[in-house]
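The numbering used here numbers the first residue of the sequence shown as -19 and each following residue consecutively. The block underneath contains the structure these notes are about, expressed in structure tokens.
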Amino acid sequence: MSDSPHLLWLQKADEDLVVSRLVFQEGHLSHTCFLAQQSIEKALKGYLIANESQYPRTHKLVDLLTVCISLEPAFSAFLPNCISVDQYYIPTRYPDAIPGGLPSGTPSKMQAEKAVASAEDVLRFVWDHLSP
């Protein structure tokens, strides 16, 4: 793969998605959701870098998505999923995370499947919308 900065970000997004799928198969749902969040975060940052835009120094998907929407309004289709997946950044990793971070405690199998599907959709969209 090229050493272009945006491609390095997208490669990491791809890797996180692959590992997210693997840990899902093993039943590690918290890690599945966290890695799906990471995949989306890195995909959005890769898109912004590819479009010569500064990305906010944040892990919040909604903040990153807002900047992407300013460049490509079609990104707005991912807002509901990014809001959902955003909740997995901290609570999936720490047992004493922010109170109320995940109402049900740990993600369900359905939530994990949705998080992975969201990451797949965002990553596919980013790859499809990069300039050749």
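No residue lacks a Cβ here, since even glycine has one placed at the ideal position from N, Cα and C.
8 Å contact criterion, which residue i and residue j should meet: CB distance rounded
{"i": "Gln17", "j": "Val65", "result": "5 Å"}
{"i": "Val102", "j": "Ile20", "result": "5 Å"}
{"i": "Leu9", "j": "Ala92", "result": "4 Å"}
Spatial distance of residue i from residue j (CA atoms)
{"i": "Glu(-10)", "j": "Val106", "result": "Per the sequence shown, the amino acid found at residue -10 is Leu instead of Glu. Cα to Cα, the separation comes out at about 9 Å."}
{"i": "Phe58", "j": "Leu41", "result": "10 Å"}
{"i": "Val3", "j": "Leu(-13)", "result": "24 Å"}
{"i": "Ser33", "j": "Val47", "result": "9 Å"}
{"i": "Asp(-17)", "j": "His11", "result": "28 Å"}
{"i": "Lys(-8)", "j": "Lys22", "result": "7 Å"}
{"i": "Thr86", "j": "Asn61", "result": "18 Å"}
{"i": "Ser88", "j": "Ser50", "result": "33 Å"}
{"i": "Leu(-3)", "j": "Leu15", "result": "7 Å"}
{"i": "Tyr27", "j": "Leu110", "result": "7 Å"}
{"i": "Ser0", "j": "Cys13", "result": "7 Å"}
Every unbroken alpha helix (DSSP H) within the segment -10 to 54, with a cutoff of 4 residues, ordered by chain: 9 to 30, 41 to 51
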